[in-house]
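Letter by letter, the sequence shown follows residues 269 to 729 in UniProt numbering.
Yeah, the Cβ is synthetic: ideal placement off N, Cα and C, and Gly gets one too.
In this text, all values refer to a predicted model and were calculated from it rather than measured experimentally.
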Amino acid sequence: SDNTNAKGARPQVSYKPEKWMLSQQADDTLTQLNLAIVGHVDSGKSTLSGRLLHLLGRISQKQMHKYEKESKLQGKGSFAYAWALDESSEERERGITMTVAVAYFDTKKYHVVVLDSPGHKDFIPNMISGATQADAAILVIDASLGSFEAGMDGSKGQTREHAQLIRSFGVDQVIVAVNKMDVVAYSKDRFDFIRQQLGMFLRTCGFKDSSLSWVPISAMENQNLVASPSNTNFKNWYNGPYLLDAIDSVQPPTRELSKPLLMPICDVIKSPTLGQVSACGKLEAGALRSGSKVLVMPSAVMGTVRSLERDSNACTVARAGDNVAVTLQGVDGSLVTAGGVLCHPDFPVAVAKHLELKLLVLDGANPILMGSQLEFHVHHVKEPARVSKILSVLDPKTGKVTKKSPRCLTAKQSAVIEVILEEPICVLEFSSCKALGRVSLRLLGRTIAVGLVTRIIEEQN
Ligand code: GDP
């Protein structure tokens with residue numbers, strides 16, 4: 269086929285989307301909003317997420333009762349809501365949330381996917397995997413005396429670190445949930461003080477005042493979450509939005525509707541009896557409908573969309589932002605693989621194994637050396653990789669080169685490196701598609717660095 273093109277370059281032909289691709293959501297599904305919940309350890313992130321799910325009907329009374337009983341048994345009664353989110357009992361025994369728990373609830377405007385993230389120092393990497401997928405974030409602050417101050421403390425304060433990280437991943441809309449207002453008797457002065465202090469810091473991180481909203485809450489006492497406060501002290505002075513309102517006021521995430529189709533495949537379902545194969549994933553760009561021709565990468569075979577399903581219901585059109593199962597016809601099932609990408613026939617993704625990356629080495633990571641063997645992750649792909657060059661160390665604030673060709677990289681450094689993967693994978697530069705160019709490097713099950721693909725050095729044909 270003539271789908272191959274010059275090294276690293278996208279085709280020169282310009283893409284013109286068809287009319288049906290651009291129209292706003294035809295059916296009445298809510299827009300999906302990926303929401304990261306970040307903040308200092310013990311600020312109340314898990315309690316808050318558990319509360320929201322409970323209040324919005326995603327956790328039944330019976331389930332909640334079970335969680336309450338279980339947590340009482342272990343003498344950790346106050347963790348009941350947090351438990352609603354934790355999945356394994358191992359995590360429960362430790363009393364902390366370990367993984368990026370994913371849960372859903374609906375507001376008037378959004379289908380909210382909660383990317384919960386623990387605030388424990390060791391678990392910063394999980395917070396990052398949440399932040400890389402987020403359209404917006406809730407930054408949870410513990411309002412109690414001393415706790416807010418600890419979160420802002422220069423070297424150990426996670427509030428500062430989290431704010432900087434979400435910003436560096438391009439999340440600019442933040443709802444600051446000032447939690448545990450019950451502990452400070454719903455004091456307006458305390459709320460104003462926190463807003464003033466933290467507001468100053470967030471502005472230095474590059475957040476705009478207009479994309480921040482400030483909501484005092486008590487996750488524990490259910491104040492100002494899904495309705496205006498009922499506490500007398502609180503409602504005497506507060507007449508702003510409650511948390512759910514603030515979520516509905518977030519600007520809808522931009523969907524790449526007018527770009528050519530890109531759908532990274534996270535799962536493949538085969539039904540040999542029907543001779544069908546379905547690729548599941550989220551459309552990152554463009555649109556599909558039955559009859560659409562797609563190019564299945566990295567196999568580079570053409571297929572035709574036979575039908576589409578969303579949340580187990582047949583649908584006629586899928587557009588950027590939608591999670592769908594795409595049933596293909598005319599394709600050998602073995603050529604459709606998880607980690608592959610469905611593309612517009614004229615605009616294939618790159619298939620490459622030699623990449624330049626811009627990285628942030630995480631806290632507590634061992635040094636990264638030339639020749640280091642790591643596990644490379646991008647969209648739904650995981651591939652062994654070797655560090656082939658360390659080009660430069662960058663100043664994390666300005667991005668300027670502070671050192672060329674260093675011998676190794678250590679924790680908290682930002683750097684440009686080259687990697688060579690064992691096998692070629694589907695990938696794009698971050699500048700052309702965030703979802704296909706956002707990477708993490710792992711070693712022994714731990715994320716040691718996160719970053720972006722800045723250059724595809726060599727494409728395979
Ligand atoms: P995380 O580490 O940020 O997920 O915090 P958790 O949700 O586990 O909460 C930490 C502790 O703070 C637990 O003991 C909670 O019961 C408590 N907590 C959470 N929200 C509130 C609140 O609004 N008021 C009070 N008084 N305590 C809270």
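Helix, strand or coil at residue i [DSSP, three-state]
i       : result
Glu-577 : strand
Met-468 : helix
Gln-426 : helix
Ser-481 : strand
Asn-394 : Only weak support exists for where Asn-394 lies, its pLDDT of 48 falling under 50; the coordinates are left without a value.
Leu-290 : helix
Ser-660 : strand
Val-545 : strand
Ser-526 : coil
Lys-448 : coil
Gly-363 : Residue placement at Gly-363 is flagged as unreliable, the pLDDT there being 35, under the threshold of 50; the coordinate-derived value follows with that caveat. Three-state DSSP puts Gly-363 in coil, outside helix and strand.
Gly-416 : Strictly speaking, residue 416 in this sequence is Phe, with Gly absent from that position. Correct three-state label for Phe-416: helix.
Gly-571 : strand
Ser-282 : coil
Gly-608 : coil
Phe-644 : strand
Gly-387 : Annotation note: pLDDT 38 at Gly-387 (below 50); position unreliable, no value reported.
Asp-460 : helix
Val-539 : Before going further, note that residue 539 is Ser rather than Val in the sequence given. Ser-539: strand per DSSP, three-state reduction.
Leu-596 : strand
Ala-352 : Note that Ala-352 scores a pLDDT of 42, beneath 50, so its modelled location is shaky and nothing firm can be said.
Ala-304 : strand
Gln-728 : coil
Ala-453 : coil
Ala-582 : strand
Leu-603 : helix
Asn-490 : coil
Ala-274 : The predicted position of Ala-274 is uncertain, since its pLDDT is 41 and thus under 50; no value can be drawn from it.
Nearest to residue i (by Cα), restricted to the options the options
i           : options                            : result
Asn-302     : Pro-285, Leu-625, Arg-523          : Arg-523
Ile-658     : Gly-667, Ser-640, Lys-668          : Ser-640
Pro-540     : Met-531, Gln-597, Gly-571, Leu-610 : Gln-597
Asp-599     : Glu-651, Glu-726, Val-545          : The sequence as given places Val at residue 599; Asp does not occur at that position. Nearest of Glu-651, Glu-726, Val-545 to Val-599, Cα basis: Val-545.
Ala-568     : Leu-576, Val-617, Ala-555          : Val-617
Gln-426     : Leu-551, Lys-672, Val-408, Ser-314 : Val-408
Ala-620     : Val-629, Leu-628, Gly-608, Pro-613 : Gly-608
Arg-435     : Asp-421, Ile-406, Ile-636, Ala-453 : Ile-406
residue 235 : Thr-472, Val-442, Leu-493, Ser-602 : Past the boundaries of the shown model lies residue 235; the chain is included only from 269 to 729, so the question cannot be answered.
residue 731 : Gln-728, Ser-673, His-622          : With the chain running from 269 to 729 in the structure shown, residue 731 is simply not present.
Asp-479     : Ile-515, Ser-575, Ser-699, Ala-703 : A small fix is needed here, since residue 479 is Ser in this sequence, not Asp. Closest by alpha carbon: Ile-515.
Arg-557     : Ser-575, Ala-547, Leu-563          : Ser-575
Ala-683     : Val-669, Cys-694, Glu-690, Leu-298 : Val-669
Val-439     : Val-452, Leu-470, Val-446, Asp-460 : Leu-470
His-322     : Phe-502, Tyr-372, Gln-300          : Tyr-372
Leu-662     : Phe-644, Ile-685, Arg-654          : Ile-685
Cys-473     : Asp-460, Glu-727, Val-442          : Val-442
Lys-377     : Ser-517, Thr-722, Trp-288, Val-306 : Ser-517
Pro-532     : Val-646, Ser-526, Arg-714          : Val-646
Asp-477     : His-308, Gly-543, Val-444, Leu-542 : Val-444
Glu-417     : Ala-402, Arg-706, Val-446          : Val-446
Val-718     : Gln-681, Ser-314, Pro-692          : Gln-681
Gln-519     : Thr-299, Lys-503, Val-536          : Thr-299
First and last residue of the uninterrupted alpha helix (DSSP H) at residue i
i       : result
Lys-503 : 500-505
Arg-319 : 313-323
Asp-516 : 511-516
Segment limits, beta strand (DSSP E) that includes residue i
i       : result
Lys-621 : 618-629
Leu-556 : 555-557
Lys-561 : 561-565
Asp-410 : 404-410
Ala-586 : 585-587
Tell me the start and end of each unbroken beta strand (DSSP E) in the stretch 646-723 that is at least 3 residues and wholly inside, in chain order.
649-662, 669-672, 682-695, 706-711
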